[in-house]
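S.K.: Residue numbers (this note's numbering): 1 to 314.
For each residue, glycine too, the CB sits at the ideal point set by N, CA and C.
No experiment lies behind these values; they were computed from the predicted model shown.
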Ligand SMILES: [Zn+2]
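(1) If you reduce the DSSP assignment to three classes, tell me which class residue 185 lands in.
(2) Indicate, with yes or no, if ligand 1 has a heavy atom lying under 7 Å from the CB of residue 163.
(3) At a threshold of 7 Å, does residue 99 count as lining ligand 1 (C-beta to nearest heavy atom)?
(4) Identify which residue in 155, 274 and 212 has its Cα closest to the Cα of residue 202.
(5) At a cut-off of 7 Å, would you count residue 195 as near ligand 2, judging by its Cβ distance to the nearest heavy atom?
(6) Count the other C-beta atoms from every protein chain shown that fall within 10 angstroms of the C-beta of residue 37, then say buried if there are 16 or more, exposed otherwise.
(7) Assign residue 287 to buried or exposed, taking buried as 16 or more other Cβ atoms, counted over all protein chains shown, within 10 Å of its Cβ.
(8) Return the residue from the list 152, 151 and 174 that minimises the CA-CA distance to residue 162.
(9) May I have a chain-ordered list of the beta strand (DSSP E) segments no shorter than 3 residues that lie completely inside the region 170-223?
(10) Does the separation of the CB atoms of residue 32 and residue 41 fall below 8 Å?
(11) Confirm the yes/no value for this check: CB of residue 152, any heavy atom of ligand 1, distance under 7 Å.
(12) For residue 54 and residue 291, what's the separation of their Cα atoms in angstroms?
(13) So what does DSSP say about residue 157, is it helix, strand or coil?
(14) For the candidate residues 89, 19 and 272, whose alpha-carbon lies nearest to that of residue 35?
(15) Using the rule of at least 16 other Cβ atoms within 10 Å of the residue's Cβ for burial, across every protein chain shown, is residue 155 buried or exposed?
(16) Do residue 170 and ligand 1 come close, with the Cβ less than 7 Å from some heavy atom?
(17) Where residue 313 and residue 98 are concerned, what is the direct C-alpha to C-alpha distance, given to the nearest angstrom?
(18) What would DSSP say about residue 1, mapped onto helix, strand or coil?
(19) Between residue 72 and residue 230, what straight-line distance do the alpha-carbon atoms span, to the nearest angstrom?
(20) With 16 as the cutoff for other CB atoms within 10 Å, does residue 204 come out buried or exposed?
(21) Distance check for residue 283 and residue 248, CA to CA, integer angstroms please.
(22) In the DSSP assignment, find the beta strand (DSSP E) that holds residue 11 and state where it starts and stops.
(23) Looking at C-alpha atoms only, which residue of 177, 271 and 15 is the closest neighbour of residue 75?
(24) Rounded to whole angstroms, how far is the Cβ of residue 277 from the Cβ of residue 221, which I believe are closer than 8 Å?
(25) Using 8 Å as the threshold, is the region 234-246 in touch with the region 256-274, meaning 3 or more CB pairs across them?
(26) Can you name, in chain order, every residue of its own chain whose Cβ lies under 7 Å from the Cβ of residue 164, other than the five neighbours on each side?
(27) Out of 212, 250, 102 and 187, which one is the CA nearest neighbour of residue 239?
(28) Can you give me the Cβ contacts of residue 66 inside the same chain, cut-off strictly under 7 Å, excluding the 5 residues immediately before and after it?
(29) Can you list the alpha helix (DSSP H) stretches of 4 or more residues lying completely in the region 63-91, in chain order?
(30) In terms of DSSP beta bridges, what is residue 114 paired with?
(31) Among 271, 176, 281 and 219, which has the Cα closest to the Cα of residue 191?
(32) State the DSSP-derived secondary structure class of residue 16, mapped to helix, strand or coil.
(33) In the structure shown, what three-state DSSP assignment does residue 299 receive?
(34) Taking C-beta to C-beta, are residue 77 and residue 56 nearer than 8 Å?
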């Protein structure tokens with residue numbers, strides 16, 4: 001079953017992003033002023049959590065107080081899972097990054113600041129998705145304070161989904177940036193069934209994973225798959241099939257999963273991005289798992305690509 005039928009960590013469209021409404025500043029201000037609205041505080045790349053590692057959710061006077069001291073407040077969406085009189089609750093994120101960490105923790109009534117990726121196994125899927133979304137959006141705001149064309153200060157619009165240059169003769173609009181990458185499970189050209197795994201530069205001895213790379217300007221996703229496999233592993237691939245995608249806002253990724261079939265068995269690693277690569281049978285992968293070596297990180301799409309492939313054969 002292709003991965004696009006199932007929700008991967010950090011995705012799932014849990015919030016209604018209300019794109020048609022958030023362009024109206026009065027609508028955003030009215031939602032922000034509602035006592036039921038939820039405010040999620042973040043500090044740099046981390047969410048602020050209570051003593052039990054639950055992300056802090058503020059509303060009412062505590063949310064109003066935090067909004068006053070936050071660097072930026074952005075609208076994330078409407079949460080249909082939390083109904084209130086008059087419609088779903090609005091969810092916002094507040095950035096406290098300019099403060100020292102202990103101050104951000106104290107201001108938000110939290111116990112600590114933690115990366116959502118370290119919490120993913122313990123958070124519900126919707127909570128992890130919303131925290132990752134907030135992290136990625138606030139990261140972009142911190143890096144888009146000035147216009148890349150004229151250098152003037154930019155200001156947020158549309159609930160924080162656009163920034164506009166304030167330069168007199170410019171006015172350029174900036175949208176949150178996404179950097180797509182392909183991640184590929186390459187199958188051997190003939191029997192026995194095998195897949196190609198590699199040890200990436202900097203990875204410890206014996207740590208093998210699927211191949212991946214960023215999409216370059218002027219490339220389709222398929223072009224990127226063919227180029228990356230050829231450059232990194234010296235493998236020509238055909239028979240590409242899309243397997244699903246994963247939001248990866250750490251800070252701005254979109255992981256696009258593919259399968260491909262190599263046209264020949266020969267492998268030639270570049271020695272830089274990939275230190276070694278080889279073909280693995282399903283039995284070899286199961287053996288690795290049995291000895292405590294997981295197939296990819298549990299929150300990442302490569303884990304899903306590998307487990308799907310394993311499930312297809314004995
Ligand atoms: Zn400008």
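M.R.: Working from what's here:
(1) Correct three-state label for residue 185: strand.
(2) Remark: the C-beta of residue 163 is outside contact range of ligand 1, defined as less than 7 Å to any heavy atom.
(3) No, the Cβ of residue 99 stays beyond 7 Å of every heavy atom of ligand 1.
(4) Taking the Cα of residue 202 as reference, the smallest distance to any Cα among 155, 274 and 212 is reached at 274.
(5) Although ligand 2 was asked about, the structure shown includes only ligand 1 as ligands.
(6) That one is buried.
(7) Under this definition residue 287 is an exposed residue.
(8) Closest option to residue 162, Cα to Cα, is 174.
(9) If we require 3 residues or more, the beta strand (DSSP E) runs fully inside the region 170-223 come out as 179-187, 194-200 and 211-214.
(10) Judged by beta-carbon spacing, residue 41 lies beyond the 8 Å limit of residue 32, meaning their Cβ atoms are not closer than that value.
(11) In this structure, the C-beta of residue 152 approaches ligand 1 to less than 7 Å from one of its heavy atoms.
(12) Within the model, the alpha-carbon separation for residue 54 versus residue 291 is close to 32 Å.
(13) The DSSP-derived three-state label of residue 157 is strand.
(14) From the listed residues 89, 19 and 272, the smallest Cα separation to residue 35 is found for 89.
(15) It counts as exposed.
(16) Relative to the non-hydrogen atoms of ligand 1, the Cβ of residue 170 comes within a distance shorter than 7 Å of at least one.
(17) Answer to the nearest angstrom: the Cα atoms are 52 Å apart.
(18) Reliability of the predicted coordinates at residue 1 is poor, the pLDDT of 43 falling under 50, and the value obtained from them is presented with this limitation in mind. Here residue 1 sits in coil by DSSP.
(19) Answer to the nearest angstrom: the Cα atoms are 43 Å apart.
(20) With fewer than 16 Cβ atoms within 10 Å of its Cβ, residue 204 is classed as exposed.
(21) When rounded, the distance between both Cα atoms is 30 Å.
(22) Following the DSSP letters along the chain, one finds residue 11 in no beta strand (DSSP E), marked with neither H nor E.
(23) Put simply, of 177, 271 and 15 the residue whose alpha carbon is nearest the alpha carbon of residue 75 is 15.
(24) The beta carbons of residue 277 and residue 221 sit about 21 Å from each other, so the pair does not count as a contact at 8 Å.
(25) Taking one beta carbon from each stretch, the region 234-246 and the region 256-274 have 3 or more pairs nearer than 8 Å; the two touch.
(26) Correct list, in chain order: 154, 155, 157, 171 and 173.
(27) It is 187 whose Cα lies nearest to the Cα of residue 239.
(28) Once the five neighbours on either side are set aside, the close Cβ partners of residue 66 are 39, 41, 58, 94, 107 and 108.
(29) Taking only runs of at least 4 residues, no alpha helix (DSSP H) segment lies wholly in the region 63-91.
(30) Residue 114 is bridged by DSSP to 47.
(31) Taking only the C-alpha atoms, the option nearest residue 191 is 281.
(32) If DSSP states are grouped into helix, strand and coil, residue 16 belongs with the strands.
(33) Correct three-state label for residue 299: coil.
(34) Taking a C-beta distance under 8 Å as the contact criterion, residue 77 and residue 56 do not qualify as a contact pair.
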